[in-house]
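Presented below is the structure to which this report refers.
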Amino acid sequence: TPSSSDVQLTEEAVRRYLIRKPMTTKDLLKKFQTKRTGLSSEQTVNVLAQILKRLNPERKNVNDKMHFYLTE
Amino acid sequence: SSSEADEMAAALDLELNDFM
Numbered sequence: 188t189p190s191s192s193d194v195q196l197t198e199e200a201v202r203r204y205l206i207r208k209p210m211t212t213k214d215l216l217k218k219f220q221t222k223r224t225g226l227s228s229e230q231t232v233n234v235l236a237q238i239l240k241r242l243n244p245e246r247k248n249v250n251d252k253m254h255f256y257l258t259e
Numbered sequence: 006s007s008s009e010a011d012e013m014a015a016a017l018d019l020e021l022n023d024f025m
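Just so you know, the sequences run in chain order A and B. Just add 187 to the spot in the first sequence (first one is 1) and you have this note's numbering. Just add 5 to the spot in the second sequence (first one is 1) and you have this note's numbering.
What follows is the structure, encoded as structure tokens:
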């Protein structure tokens with residue numbers, strides 16, 4: 188059988204990660220790697236950007252890098 | 006590859022900078 192996506196890039200999935208701990212955009216991209224989601228690089232960037240704009244997470248700098256996070 | 010990851014992160018940061 189062809190390998191199907193075992194990870195889904197959804198608003199709920201992103202929300203769960205950002206509630207757990209602050210993450211950079213790169214951290215998030217690692218959680219939703221294209222080989223896991225079956226999306227293209229461009230789709231991943233576009234969808235993740237839309238989700239983050241909707242969630243409008245808090246931001247803070249840790250080690251000079253911008254991290255997003257959410258509180259419940 | 007890590008360079009593709011870097012490119013994606015850069016593209017995403019750019020998208021978000023425009024917005025935020």
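Even for Gly, the Cβ is constructed at its ideal location relative to N, Cα and C.
Simplified DSSP state of V249 of chain A, which is helix, strand or coil: For the purposes of this step, residue 249 of chain A is taken as the residue at position 62 of the first sequence. V249 of chain A: strand per DSSP, three-state reduction.
Host alpha helix (DSSP H) of S192 of chain A (start-end): The residue labelled residue 192 of chain A in the question sits at position 5 within the first sequence. Unbroken run through S192 of chain A: none, as it is neither H nor E.
A10 of chain B vs L216 of chain A beta-carbon contact at 8 Å: Taking the second sequence and counting its residues from 1, the one referred to as residue 10 of chain B is at position 5. Taking the first sequence and counting its residues from 1, the one referred to as residue 216 of chain A is at position 29. In contact: A10 of chain B and L216 of chain A (Cβ atoms closer than 8 Å).
Candidates A:K208, A:Q230, A:T231: closest to H254 of chain A by CA position: Here residue 254 of chain A refers to the residue found at position 67 when the first sequence is read from its first residue. Looking at the Cα atoms, A:K208 is the closest of the given residues.
Among A:V232, A:Q237, A:R246, nearest to I206 of chain A - alpha-carbon criterion: Within the first sequence, numbered from 1, the residue matching residue 206 of chain A stands at position 19. Selected option, being the one with the closest Cα: A:R246.
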